[in-house]
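As they're listed, the protein sequences go chains R and G. Just so you know, we're using the working numbering here: the first sequence kicks off at 1 and counts up by one. Just so you know, we're using the working numbering here: the second sequence kicks off at 77 and counts up by one. Backbone N, C-alpha and C fix where the C-beta goes; we use that ideal spot for every residue, glycine too. Here the structure comes first, spelled out in structure tokens, and everything after it is commentary.
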Amino acid sequence: MSLPKPAMRGLLAKRLRFHLPIAFGLSIIAAVAFKFTVTEPRKQAYADFYKHYDSMKEFSAMREAGVFESVRPTGK
Amino acid sequence: MEMLHLTAGRVAGLLSRRGVAVFSTSGVKMASHGGVTEQTDMSVPLYCDRLDTPLPDRPYKDTLSAADKSLKQKEKGPWNSLSKEEKLALYRIMFNETYAEMKKPTGEWKTVLGGIFFFIGFTGLVVLWQRYYVYPPHPRTLDDEWQAMQVKRMLDMRVNPVEGFSAKWDYEKGQWK
Numbered sequence: 001m002s003l004p005k006p007a008m009r010g011l012l013a014k015r016l017r018f019h020l021p022i023a024f025g026l027s028i029i030a031a032v033a034f035k036f037t038v039t040e041p042r043k044q045a046y047a048d049f050y051k052h053y054d055s056m057k058e059f060s061a062m063r064e065a066g067v068f069e070s071v072r073p074t075g076k
Numbered sequence: 077m078e079m080l081h082l083t084a085g086r087v088a089g090l091l092s093r094r095g096v097a098v099f100s101t102s103g104v105k106m107a108s109h110g111g112v113t114e115q116t117d118m119s120v121p122l123y124c125d126r127l128d129t130p131l132p133d134r135p136y137k138d139t140l141s142a143a144d145k146s147l148k149q150k151e152k153g154p155w156n157s158l159s160k161e162e163k164l165a166l167y168r169i170m171f172n173e174t175y176a177e178m179k180k181p182t183g184e185w186k187t188v189l190g191g192i193f194f195f196i197g198f199t200g201l202v203v204l205w206q207r208y209y210v211y212p213p214h215p216r217t218l219d220d221e222w223q224a225m226q227v228k229r230m231l232d233m234r235v236n237p238v239e240g241f242s243a244k245w246d247y248e249k250g251q252w253k
């Protein structure tokens, strides 16, 4: 019948001491992983696309294909 | 005002008749149509086999035989003198089922799961019938040729040329990358 007295106070504090560093750590890891798997490749893809982008050439191609209403293809 | 007074009186009459029925000590009638059925008297403590009620309001057997009564007398003495069978008999006087018996798996889940699958299957048949007898004909925008024309137009418009749709098309060679 002589059991040790259970902890009566500071239960939330103890839980937070344990779980908060883990929570912050996992969140930071998730953010860093997202940055290096998604945002950096995406920025690089846009940079590469616009490095050699000729807007007039693209415009002419689209015009010939007939997708514009303001300019007809050069044949007509 | 006069109408209100009359209806209030009628309601009071109804309530008083119901009130008498509620406050009488007769118990709950089991659902039946006509015959006299046994009514459990709900006004005295009842026994129940429940996991969340370890000590019910009364012992299971309340009418004890002579053997049970002598056993109860023996229980008043030191318990070391009781044999194992006597202890079990005393337990069964107090309780109907043990916790292990109460918690015994029933296999009900098999019936539930079987019923779920059966009705999902039946619903599948209903949906199949609907597909052939209820649905109207497809819109023409779902035809293969229309879809091909749609894809060509999307590529001509350069939809998502950086990372998405048109980025996967090789414009020089005229084929998917």
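Would you list the residues sitting across from Trp252 (chain G) in a DSSP beta bridge? Note: Trp252 (chain G) sits in a beta bridge opposite G:Trp245.
Should Leu26 (chain R) be labelled buried (16 or more other beta-carbon atoms within 10 Å of its own) or exposed? Classification for Leu26 (chain R): exposed.
Who are the Cβ neighbours of Pro181 (chain G) in its own chain at under 6 Å, not counting the five residues just before and after it? Cβ neighbours of Pro181 (chain G) beyond the five flanking positions: none.
So, with DSSP's three-state summary, where would you put Arg234 (chain G)? Here Arg234 (chain G) sits in coil by DSSP.
Cutoff 9 Å: Arg72 (chain R) Cβ touching any chain G Cβ: Cβ-Cβ to chain G under 9 Å: no for Arg72 (chain R).
Counting only Cβ-Cβ distances shorter than 7 Å, please list the residues of the stretch 164-179 of chain G near chain R, keeping chain order. Within the stretch 164-179 of chain G, no residue qualifies.
Quick check: Pro132 (chain G) and Phe171 (chain G), are their CB atoms within less than 9 Å of each other? Result yes, Cβ atoms of Pro132 (chain G) and Phe171 (chain G) sit closer than 9 Å.
Could you tell me the boundaries of the alpha helix (DSSP H) in which Pro213 (chain G) lies? Looking at the DSSP string, Pro213 (chain G) is not in any alpha helix (DSSP H), and its letter there is neither H nor E.
Contained alpha helix (DSSP H) runs [length at least 4] in the stretch 148-179 of chain G, N- to C-terminal order: For secondary structure counted as the alpha helix (DSSP H) over 4 or more consecutive residues, the stretch 148-179 of chain G holds these complete runs in sequence order: 160-170, 175-178.
Just to confirm, is the Cβ distance from Asp232 (chain G) to Ala65 (chain R) under 9 Å? Yes; because the gap between Cβ atoms is below 9 Å, this pair is in contact.
In this structure, how does DSSP classify Arg134 (chain G) when only helix, strand and coil are distinguished? Three-state DSSP puts Arg134 (chain G) in coil, outside helix and strand.
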